[in-house]
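A short write-up of the structure that comes next.
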Amino acid sequence: MVTQSKNKSINGRLVAIGCNYEPWIALLEQSGWKTHCCYDLRTADAILEEYSPCICIVDLSNNDFSLNSISLRANKTKQVRWIALIKKEQLETDVICQFINNYCVDYFSMPIPSTLLLDTVGHQLGMLEIEARTWVEVTSQHDMGLYGDSKSVKQLRDMVRRVASTEVNVFLTGENGTGKELIAKSIHNLSKRKNAPFINVNCGSLTSDEEKIAFLNSATKLHDDEKPKFNGTILLDNVEELSKELQDELLRYLQAPAGESINEDVNCDIRIVVSSSADLETAVANGEFSKELYYRLNVFHIKVPTLRERGSDIYLLAEKFLGQFSNEYNTLASSFSEDSKQLLLRYSWPGNVRELMNQVKRAALLAEGSEVKAEHFDLPSKSNLKQSLRNIKDEAEKDVLVAVLETHRGQVASAAKDLGVSRATMYRLLNKHNIVPDVRYYNNGQMGE
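In the UniProt record's numbering, the protein residues as written are 1 to 449.
Set out below in structure tokens:
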């Protein structure tokens, strides 16, 4: 019997990619399902966006689509349950099995058992309803790294929700201060391991001498059993700093058969999340990081956007932080002046969310009344920014003049011709930068100013 939903947002919608109108589709429609068949993947993108939450059945039996294209769509869609249709002999194909294992809730081989399929999609519809009601909102106040309305952070939240329900290893990359640890915690809190420990290990502080593999041994401190079992999540922060020895130990653990532990004192069933602000691909190419380990860790890659890429979120985050710190420090600060707003939006935030948080904390403490002003931030003012740009331009202009003069051995006329300016303009520029060309010095291999 098909599970019927009382939630209007989940109403028995099904998308069939690469499927002809067949008896099993007619049966679904007779049972109250709203179906849509399509062959074009771009059309499928639009339909999945409109239909979500929904069931998506993809026919892989005729190899009409590249698995990579389907995987990309399965990876980015939210609240879509994927089911594959295949030929029985395709189960001998590794890539097909890997796709089913990573992205599908079920599969059926030809010919399609209509009644069983009807039961399966009905059950998955019920699961979607439960999921929609019970998903934890990851934009809560303690998860500031995921708070915002920008397109990039919405996509980030969708990826976190999708991967959290799986057991795959996650690889987080992004600049310092973007909130990679908060994202790792969100993945843990949204997973079935949420009641187990979450351990953050800074790989830069580990040495092969102190522990055989420190992040696994740390689990023994959490239990009093003779042989404790650790089934939580471990974040390996700054994973690029793992020593060669620990890289080898970690790789050996990942290669071990299921249920086998490299630590005799601890039964380990862990999920690994790694993070890095470095270019790990370059480190692999240079032989500084194990290639095989990199590919085993980089199962699901999430690139955390910078605050610069989240422009519309800057003020939202600032307001959120201000409310938090005003309550924490019992200050009156509750709003931003117009000049402080402009300063927040104009600054490039090289330290990302962490820098914004620290700046708002400072402002909340310094504000004497209810309004935070630009002077309460330790950031370059508008005039200082203009002055910095002017200085950069002047220095670059001076460097070009000196270099051209050196090329032409101090001859102003030929240097001016090379730059495409008149001799008068050339002398004006030289005077501006206090450059005095002396042909004798240039001919002796020196530059005089």
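All residues carry an ideal CB built from backbone N, CA and C; glycine is no exception.
This one's a predicted model, so the numbers in the text were calculated from it and none came from an experiment.
To the nearest angstrom, how far is it from the Cα of I100 to the Cα of A84? 7 Å
Where do the N-terminal and C-terminal ends of the alpha helix (DSSP H) with Y329 fall, by residue? I314 to Y329
With distance defined between alpha-carbon atoms, name the residue in F336, R308, Y103 and P305 nearest to K320. When C-alpha distances from K320 are compared across F336, R308, Y103 and P305, the shortest belongs to F336.
Determine the DSSP secondary structure at F198, reduced to helix, strand or coil. strand
Applying the 10 Å Cβ sphere with the 16-neighbour rule, what's the burial state of S326? buried
Select from K393, E241 and V372 the residue whose C-alpha is nearest the C-alpha of V284. Of the listed residues, the one whose Cα sits closest to V284 is E241.
F289 - containing beta strand (DSSP E), residue span: Element bounds for F289: n/a, residue is neither H nor E.
Can at least three beta-carbon pairs, one atom from the segment 25-38 and one from the segment 68-78, be found at a separation below 8 Å? no
What span of residues does the beta strand (DSSP E) with S109 cover, start to end? C104 to S109
In terms of alpha-carbon separation, which member of N358, G323, T43 and Q98 lies closest to G177? N358
If you measure between the beta carbons of I25 and S61, is that distance less than 7 Å? no
Close beta carbons around P305, own chain, < 6 Å, minus the five adjacent residues each side: S152
N-terminal and C-terminal residue of the beta strand (DSSP E) that D59 is part of: If you look at D59, you'll find it in the beta strand (DSSP E) that goes C54 to D59.
State the DSSP-derived secondary structure class of S277, mapped to helix, strand or coil. coil
Could you pull the start and end residues of the alpha helix (DSSP H) that V412 belongs to? V412 to L419
Rounding to the nearest angstrom, what Cα-Cα distance links R162 and N102 in this structure? 11 Å
I need the straight-line Cα distance from I112 to A16, nearest angstrom please. 14 Å
Identify every residue that forms a DSSP beta bridge with E371. S335
I need the straight-line Cα distance from D149 to R409, nearest angstrom please. 58 Å
By the three-class DSSP mapping on this structure, what secondary structure does V266 have? Caution applies to V266, whose pLDDT of 48 falls short of 50 and renders its modelled position unreliable; the model cannot decide the point.
Using a 10 Å radius around the Cβ and a threshold of 16 neighbouring Cβ atoms, would you call A396 buried or exposed? When all chains shown are included, A396 counts as exposed.
Under a Cβ-count criterion, where at least 16 other Cβ atoms within 10 Å of its own Cβ denotes burial, should T115 be classed as buried or exposed? exposed
Report back the beta-carbon spacing between V80 and V170 to the nearest angstrom; my notes put them in contact at under 8 Å. Contact doesn't hold; Cβ gap of about 20 Å is too wide.
How should I130 be labelled, buried or exposed, when 16 other C-beta atoms within 10 angstroms of its C-beta is the threshold for buried? exposed
Using a Cβ-Cβ cut-off of 8 Å (strictly less than) and excluding sequence neighbours within five positions of I302, which residues of its own chain qualify? L156, M159, V160, V163, V170, F171, L172, T173 and I183
Coil, strand or helix - F99 by DSSP: helix
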